[in-house]
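Following: one structure in structure tokens, then a few remarks.
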Amino acid sequence: MARVGGVLLAALALFGAGVAYAQLLMLPLVLAYLHGDAAAAGFASTYSLSAFYSFVLLLTFALGVAFELPLAVLLVLRLELATVAQLAHYRRHLAVAFFVLAAFITPPDVISQFLLAVPLLLLFELSLVVGRLAGKG
């Protein structure tokens with residue numbers, strides 16, 4: 013039971029970290045970029061309240077879920093579906109997959125794609141380190 017509590021606590025902490033990342037870093041940068049891009053093209057930035065909140069909530073929730081990646085990697089290792097060495101071997105393929113996923117989740121600009129894909133890459137690498145330390149390598 014303590015193990016389940018630990019996993020739930022880790023899941024909550026990771027989701028919270030994703031939400032905090034979205035709210036404190038990604039959204040302000042993305043909104044400023046989109047506003048500046050619209051202004052440079054000669055358009056005024058106008059948002060309907062429902063569209064704005066939908067965008068913010070969707071991006072925040074998506075980042076919260078995306079930050080669960082370490083738990084997914086550790087689950088794969090725990091179930092022995094792959095080893096740390098196998099995951100490390102396919103690191104480049106996963107990096108491309110993270111950028112493709114980020115392209116679907118984020119607005120159509122490269123900045124927000126990088127702001128999502130790079131933390132996913134870092135979380136993946138952290139998961140591999142934790143997997144090695146846990147002896148799942």
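For the sequence shown, our numbering assigns the number 13 to the initial residue and increments by one for each residue that follows. Just so you know, even glycine gets a beta-carbon here, dropped at the ideal spot from N, CA and C.
If you draw a straight line from the C-alpha of residue i to the C-alpha of residue j, how long is it?
i      : j      : result
Ala80  : Ala146 : The residue asked about is misnamed: residue 80 is Glu in this sequence, not Ala. For Glu80 and Ala146, the distance between alpha carbons rounds to 18 Å.
Ala29  : Val68  : 16 Å
Ala22  : Leu83  : 8 Å
Glu137 : Asp49  : 33 Å
Leu36  : Asp121 : 19 Å
Val42  : Val85  : 28 Å
Thr95  : Ala25  : 25 Å
Ala53  : Arg103 : 38 Å
Val141 : Leu91  : 17 Å
Ala32  : Leu93  : 31 Å
Ala44  : Arg15  : 42 Å
Pro119 : Ala74  : 12 Å
Gln151 : Ser60  : In the structure displayed, the chain extends from 13 to 149; residue 151 sits before or after that span and is not available.
Quick check on DSSP: helix, strand or coil for residue i?
i      : result
Gly147 : coil
Thr72  : helix
Ala109 : helix
Asp121 : coil
Phe79  : coil
Glu137 : helix
Ala23  : helix
Following a CB-centred definition, is residue i positioned closer than 7 Å to any heavy atom of the ligand NAP?
i     : result
Ala84 : With respect to small molecules bound, the structure shown includes none, and the ligand NAP cannot be examined in it.
Does chain C have any CB closer than 8 Å to the CB of residue i?
i     : result
Leu39 : This model lacks chain C altogether; it includes just one protein chain.
In chain order, what residues of the same chain have a beta carbon less than 8 Å from the beta carbon of residue i, not counting five sequence neighbours either side?
i     : result
Ala56 : Ala50
For residue i, I'd like the list of residues in its chain whose CB is within less than 7 Å of its CB, leaving aside the five on either flank, ordered along the chain.
i      : result
Leu133 : Ala107, Phe110
Inset, instruction - Give a yes or no on contact between the segment 126-134 and the segment 106-117, applying the rule of three or more CB pairs nearer than 8 Å. - result: yes
Legend entry - contact_flag[the segment 109-118, the segment 63-78] where n(CB pairs < 8 Å) is 3 or more: yes
Inset, instruction - Write down every uninterrupted run of the alpha helix (DSSP H) in the segment 29-71 whose length is 4 residues or greater and which is fully enclosed by it, in chain order. - result: As far as the segment 29-71 is concerned, its whole alpha helix (DSSP H) runs of at least 4 residues are 39-52.
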